[in-house]
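A.B. asks: Chains as they are written, first to last, in my numbering: chain F, 17 to 167; chain Z, 84 to 1089. Don't be surprised by glycine CBs; every beta carbon is placed ideally from N, CA and C. Owing to the predicted nature of the structure, the values given are computational and were not obtained by experimental measurement.
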Amino acid sequence: MHVYETRAQFDAELSSVKKWMRVGQALDIAPTLLQDVAYSIGDSLTYWWDRTSALSTPDMVGTRRYLSVVAPIDGEAHVVVAPKADLAPTRAYSDLDDRERFEAADVKPVVVPAGGILVVDEQEAFRILPDQDVAAVMVRVTIEGYSFPNK
Amino acid sequence: MDVINDWENQALTNRNRLAARAYFMGYASPELAATYSRELSRGFVQLSGPWRFRLFDSPRSVPAATMATYADEWDEVEVPHMWQVDGYGKLAYTDEGFPFPVDQPFVPGDDPTGVYQRIVTLPELAAGSREIIRFDGVESYAELYVNGAYVGMTKGSRLSAEFDITDFIHAGDNLFVVKVLQYSDGTYIEDQDMWWASGIFRDVYLMERPAARLDDFYVRTHRAGDAAELTIDVKTTAAERIVWRFATAGATVAETEIDPATGHAALTIDDARFWNPEDPFLYDMTIEVYGADGLSEVVPRRQGLAEVTIENGRILLNGTYFKMHGVNRHDGDDHKCRAVGLERMRRDLELMKRHNINAVRTSHYANDPRFYELCDEYGIMVLAETDMESHGFENIGNIATVTDDPAWEPAYVDRIERLVMQERNHAAIVAWSLGNESGYGCNIRAMYAKAKELDSRPVHYEEDRNADTVDIISTMYSRVSQMNDFGEHPGPKPRINCEYGHSMGNGPGGLSEYQQIFDRWDNLQGQFIWEWCDHGIAAVDENGRAYHMYGGDNGDYPNNGNFCIDGMVFPWQEPSPGLTEYKHVICPVRVAFDAATGELTVTNKRWFTTLADIRIVLETLVDGDPVASREVVPGEVAPGESVAIPVTVDAAACGETLLTARVFTTQAKPWCEPMYQIGVYQFAVANTGHAVIEVPAAAAPTVDEAECLLTVTTRDASIAFDLASGEIRDWRSCGRTVVAAPIKVGFWHPLVDNHQQEFDSIWQENFINVMQTSTRSVTWHREGPAVVVEVAQRIAPPVHAFGMRCTLVYTIWPSGRVDLAVSGEPYGDFCDIIPRIGISFEVPGEDRAVEWYGHGPGENYPDSLKANPVGHYRAKVDDMFTPYVFPQDCANREGVRWVALRSSHGDGLLVTRPVGVDAATDPFSFSAWPYTCEDIDAARHVCDLEPRDTVTVNINDQVLGLGSNSWGSEVLDSYRIRFERFSFAFSLRPLASADIVAGLAPIKEV
Chain F
17 MHVYETRAQF DAELSSVKKW MRVGQALDIA PTLLQDVAYS IGDSLTYWWD RTSALSTPDM
77 VGTRRYLSVV APIDGEAHVV VAPKADLAPT RAYSDLDDRE RFEAADVKPV VVPAGGILVV
137 DEQEAFRILP DQDVAAVMVR VTIEGYSFPN K
Chain Z
84 MDVINDWENQ ALTNRNRLAA RAYFMGYASP ELAATYSREL SRGFVQLSGP WRFRLFDSPR
144 SVPAATMATY ADEWDEVEVP HMWQVDGYGK LAYTDEGFPF PVDQPFVPGD DPTGVYQRIV
204 TLPELAAGSR EIIRFDGVES YAELYVNGAY VGMTKGSRLS AEFDITDFIH AGDNLFVVKV
264 LQYSDGTYIE DQDMWWASGI FRDVYLMERP AARLDDFYVR THRAGDAAEL TIDVKTTAAE
324 RIVWRFATAG ATVAETEIDP ATGHAALTID DARFWNPEDP FLYDMTIEVY GADGLSEVVP
384 RRQGLAEVTI ENGRILLNGT YFKMHGVNRH DGDDHKCRAV GLERMRRDLE LMKRHNINAV
444 RTSHYANDPR FYELCDEYGI MVLAETDMES HGFENIGNIA TVTDDPAWEP AYVDRIERLV
504 MQERNHAAIV AWSLGNESGY GCNIRAMYAK AKELDSRPVH YEEDRNADTV DIISTMYSRV
564 SQMNDFGEHP GPKPRINCEY GHSMGNGPGG LSEYQQIFDR WDNLQGQFIW EWCDHGIAAV
624 DENGRAYHMY GGDNGDYPNN GNFCIDGMVF PWQEPSPGLT EYKHVICPVR VAFDAATGEL
684 TVTNKRWFTT LADIRIVLET LVDGDPVASR EVVPGEVAPG ESVAIPVTVD AAACGETLLT
744 ARVFTTQAKP WCEPMYQIGV YQFAVANTGH AVIEVPAAAA PTVDEAECLL TVTTRDASIA
804 FDLASGEIRD WRSCGRTVVA APIKVGFWHP LVDNHQQEFD SIWQENFINV MQTSTRSVTW
864 HREGPAVVVE VAQRIAPPVH AFGMRCTLVY TIWPSGRVDL AVSGEPYGDF CDIIPRIGIS
924 FEVPGEDRAV EWYGHGPGEN YPDSLKANPV GHYRAKVDDM FTPYVFPQDC ANREGVRWVA
984 LRSSHGDGLL VTRPVGVDAA TDPFSFSAWP YTCEDIDAAR HVCDLEPRDT VTVNINDQVL
1044 GLGSNSWGSE VLDSYRIRFE RFSFAFSLRP LASADIVAGL APIKEV
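Right under this line is the structure:
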């Protein structure tokens, strides 16, 4: 898990990598697009924005082939993040949605400030909490780190 | 002042070319019109055929006299053709990079220029008639001269061009000269991932248009209940009366007159039979034009009734929702390149229909006008793309360099206008596509506006990423879970995936998972495989061996190698295993079976028609062999509906029981015979293991340990192990050689194109393909009646500090059976994916008869299994080798319970899991080749492969899925295997005779 308090911090560390540069592009454009409609940039990532009340899940969600990025727009978001290895699985991994599910964890949530960016690693699962009802961008970016030209 | 060449002026799209119009032919009488024969249309003169030809180094090198003087001494070529294929100039291939310096609109001064000449003898033209010459494809710039006079010029290689030559011809011999430049400003927007080749590559012909004639027409359909409300707008010359008629089977169903003044009419067909891809019904429509002297011409057309609309974010055909299960198709012929003949087009469409494909994207240009007619006829929906791609500008940092440059607007708009005007009467066209991979900008918006001005159908363009302008939002190569994201979070516009499943070489894998997602979400309305056919060009090497060329084979540089060998159909127009898999994945009749309740559920995934024609043959298999069958008739199940049918399947008391459901259509169609199989499914019913048979062991093997060799001898066999390497040096049974090369543990198989990116980024730098085996110890001991030989090896790459410590345990039983247990423990920091985990060896060349119980009969891989149900199959090693244009791993069979490689007399080797292991729940994989892995990896063309005297056999515990990451989806997580701890075991049983039953018996020697 990585929490970037500001976009500038995120850009300073990652924006030289194509897929993270595209994450930045997605974060820039997302608020201008329709709510709860998924878009893509190349085949690096998909993204959409919604209220955290809608993005919230009752359980912990993990992915394997894509990293989950949560970027609140107009307020701080609370996200529970925990290693998958510490969680009780409730649904096996599926290639169809790149998700595996786990029981909700009683772990102190991470606070992601407005304008900040949370990146959830593939060894972790996360759960956006609904009670801070703010707008946030959800990005799923490929874990592939190679210089594949089409990503 | 600099001269502006016509071929370097993007604002100039033509000189004197006639305005685009609907493609049609006029006939002198209704009887001739009824033939639909182009050759019988009025004044039709086929100019395809022999032309004099000469290739010049540049346009400047062409003497002016050649436009007016017939050169009998020039070579003769057969038009249509591409001159590079005929040996003039050099074929070159790049994916997107321009083959010359980017300096738009300028092209190289040494622009290869071909000049064609032909003498055409013509009769006196009737008074008032016009003589029209039509080119359906000339790449990339053409000037026409008739009898020495300049007629005009056209660009837009894959778009038809007509010129009125009435004033240039006379009765008798006429000299036609066509000057063709390989490159022009148009080349900058014709960069479509294909051979750089040029010439008159589609038909060229003359038509006589009578004094009173139809110039253009546009028919539109609106569905109102069961009625079709039709309108027509025509343009005519000297027409005094126009009759518009619809008929079927010779009987008129509707008829009206069109007012010559307005050119407009409407009519209604009650109880109309609308066109759809499952029932592509076409009416016989005619437009009769009468002039002052009576009937002047009859224009016939096979007209389908189709209306495409978008309602609530969904595309509808005649009010009905549908999905497109499609492919991207380039023009391609392995002997003619893009000069594709009608019969090749027809066979393409027949193959598509036979493989359940219902849509085609004409990537990335307009096709021969007859292709759209065939699509109407066969029932293939068309995403009709025009001739436009500026991909090469990506290499200079801005793919939209000209797409967003208003100076190029005329060239862009010209291309969509000509396509829509020519083809908008086709029922099969469900949407227009503005082109491919050209970025987004003002010219896309201008093209969209022109398309909508000319026709109401939806417009597609993938690089309008968020569909700010176009009607259909589209992506390419989005992965399975990304498509699921689009489904879970739909937008207001329908969505398609216009390219996926990159079919380069062996693959693609993972189509089944894609299809589950496409089926799941309504906003996803189509997917198009990349691509239909390999672009390989047939050639013969210096030894007379046939092969197919790709980029670089002609000394062309830069090139993109075999990236154009990426189709589901081989260049010789036969289906690849990938197409066979796609057929079954998209089978429109879905079958499910609940073994517990005995309920067979049949679901109609067609969109327009019932399952009245469907028969399902159920086969009960026990240990792979059929023991019973019955036919199931689902009946008239409506689209989207299911029927549950009780089915009793008797499970075998002993053995594995499977139920195979084969789906057939009883209807003979132009593309299939009756009782044609459209799909296959398989279900597990029961699995009761065979009881182990304990038999007293024969005399224990003897052991002879020499300085370097350990020989274990049983009654019928002897096995000699090298005490240094631990390898089997000699294994003979009943006097015959069992293995011709040692058994080796391996993690590598010949590289497949769909793993190239993994090779480049993971395997090459870690030398996974050249791992070295080092034997640390070889020991032996007795264990009960058996002799056990243990070999400890380290298998690791050079350079690095990781590897696998393996233990091979050979257990030699008194019967001569050898059980081999292999385990591996990794060390170091590498844990990424690898191609396989298994063993390889060679058997004598006479053991070419393969028999197995597993997935088959065709090649299959872990993520590509749907077309090949489990069964008991036989094949020859040589026939199992798939002749991919670029040789690579192939011939794999999954889900294998046992496999035997035998001579024609039946002796050989049987491989199973060890006694006591249920192979139905723990199957393995095998492949057998007439070449070694190294042979295949080293080959660049099939002619590089020389069959060996031995057969290479790979018995794998795990095989990596194929994926489609030659451009697109990595191997899905569930099909990834890693360099991790493993263990597996096989039983190797020499066969002395044709009696395989003895070998398969689960005998435990005690």
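(1) Note down the Cα distance separating F:V19 from F:V157, rounded to an integer number of angstroms.
(2) Candidates Z:H631, Z:V732, Z:V1080, Z:Y759: which alpha carbon is nearest Z:R1023's?
(3) Considering only DSSP beta bridges, list what Z:N1037 is partnered with.
(4) Tell me, to the nearest whole angstrom, how far the beta carbon of Z:Y110 is from that of Z:S124; I am working on the premise that it is less than 8 Å.
(5) Between the beta-carbon of Z:I648 and the beta-carbon of Z:F1007, is there less than 8 Å?
(6) Since Z:P360 and Z:G387 are thought to touch, with beta carbons under 8 Å apart, how far apart are those beta carbons, to the nearest angstrom?
(7) Is there at least one Cβ from chain F nearer than 8 Å to Z:G574's Cβ?
(8) Just to confirm my understanding: we take Z:G829, look at its own chain, exclude 5 residues before and 5 after, and list those with CB closer than 6 Å. What are they?
(9) Does DSSP put Z:F259 in a helix, a strand or coil?
(10) Compare the Cα-Cα distances from Z:L350 to each of Z:Y366, Z:A514, Z:F329, Z:P343 and report the closest residue.
(11) What do you get for Z:P757, buried or exposed, if any count of 16 or more other CB atoms within 10 angstroms of its CB means buried?
(12) Under 8 Å Cβ to Cβ from Z:T196, same chain only, skipping five residues before and after it: list those, please.
(13) Should Z:D256 be labelled buried (16 or more other beta-carbon atoms within 10 Å of its own) or exposed?
(14) Would you be able to state if there are at least three C-beta pairs under 8 Å between the stretch 484-497 of chain Z and the stretch 450-462 of chain Z?
(15) Provide the residue(s) that pair with Z:R98 in DSSP beta bridges, ordered along the chain.
(16) Step through the CB atoms of chain Z and report whether any lies within less than 8 Å of the CB of F:D59.
(17) So for Z:M651, helix, strand or coil by DSSP?
(18) Output, in chain order, the set of chain F residues within a Cβ distance shorter than 7 Å of Z:V563.
(19) Go to Z:V326, then tell me how far its beta strand (DSSP E) extends in each direction, as first and last residue.
(20) Which of the three DSSP states is assigned to Z:E571 in this structure?
(21) With DSSP as the reference, label Z:L264 as helix, strand or coil.
(22) Looking at the C-beta of F:S56, does it have a partner C-beta in chain Z at a distance below 8 Å?
(23) Tell me the rounded alpha-carbon separation between Z:A803 and Z:E788.
(24) Suppose the cutoff is 6 Å on Cβ atoms and the five residues either side in sequence are ignored; what does the same chain contact list for Z:M368 look like?
(25) How would you list, in chain order, the residues of chain Z whose beta-carbon sits under 8 Å from the beta-carbon of F:V86?
(26) Rounded to whole angstroms, what is the Cα-Cα separation between Z:A751 and Z:I248?
(27) For Z:A920, count neighbouring Cβ atoms within 10 angstroms of its own Cβ and tell me buried if that reaches 16, exposed if not.
(28) Express the C-alpha separation of Z:W604 and F:Y63 in angstroms, rounding to a whole number.
(29) Decide if Z:Q505 is buried, meaning its Cβ has at least 16 other Cβ atoms within 10 Å, or exposed.
(30) Under 7 Å Cβ-Cβ, which residues of chain F neighbour Z:E1053?
(31) Going by Cα to Cα distance, which pick from Z:P709, Z:S725, Z:G738 is closest to Z:R745?
(32) Assuming Z:D915 and Z:F885 make a contact with CB atoms under 8 Å, what is their CB distance in whole Å?
(33) Using only the alpha-carbon positions, how far apart do Z:K238 and Z:G593 sit?
(34) Determine, using beta carbons only, whether Z:I648 comes closer than 8 Å to chain F.
(35) Is it right to say Z:D1040 is buried, meaning 16 or more other beta carbons lie within 10 angstroms of its own, or is it exposed?
(36) Just to confirm the assignment, what range does the beta strand (DSSP E) spanning Z:R976 have?
C.D. replies: Considering the structure as presented:
(1) 16 Å
(2) Distance from the Cα of Z:R1023 is smallest, within the candidate group Z:H631, Z:V732, Z:V1080, Z:Y759, for Z:H631.
(3) Beta-bridge pairing links Z:N1037 to Z:S923, Z:S1010.
(4) Taking the Cβ atoms as the reference, Z:Y110 lies roughly 5 Å from Z:S124, within the contact range of under 8 Å.
(5) no
(6) No, Z:P360 and Z:G387 are not in contact; Cβ-Cβ is about 10 Å, not under 8 Å.
(7) yes
(8) Excluding sequence neighbours, Z:G829 sits near S923.
(9) strand
(10) Z:F329
(11) exposed
(12) L138, F139, D140, S141, P142, S144, V145, K262, V263, L264, Q265
(13) exposed
(14) no
(15) Z:M236
(16) With its beta carbon less than 8 Å from one in chain Z, F:D59 belongs to the interface.
(17) coil
(18) Within chain F, the residues near Z:V563 are D111, L112.
(19) 324-331
(20) helix
(21) strand
(22) yes
(23) 9 Å
(24) F329, R384, Q386
(25) The premise fails here: F:V86 is roughly 15 Å from chain Z at the closest Cβ pair, so nothing lies under 8 Å.
(26) 46 Å
(27) Residue identity differs from the one stated: residue 920 of chain Z is Ile in this sequence, not Ala. Classification for Z:I920: buried.
(28) Between F:Y63 and Z:W604, the C-alpha separation is close to 18 Å.
(29) buried
(30) E160
(31) Z:P709
(32) With 8 Å as the limit, Z:D915 and Z:F885 do not qualify as a contact, their Cβ atoms being about 10 Å apart.
(33) The straight-line gap from Cα to Cα measures roughly 41 Å.
(34) no
(35) By the Cβ neighbour-count rule, Z:D1040 is buried, with 16 or more other Cβ atoms within 10 Å of its own.
(36) 976-979
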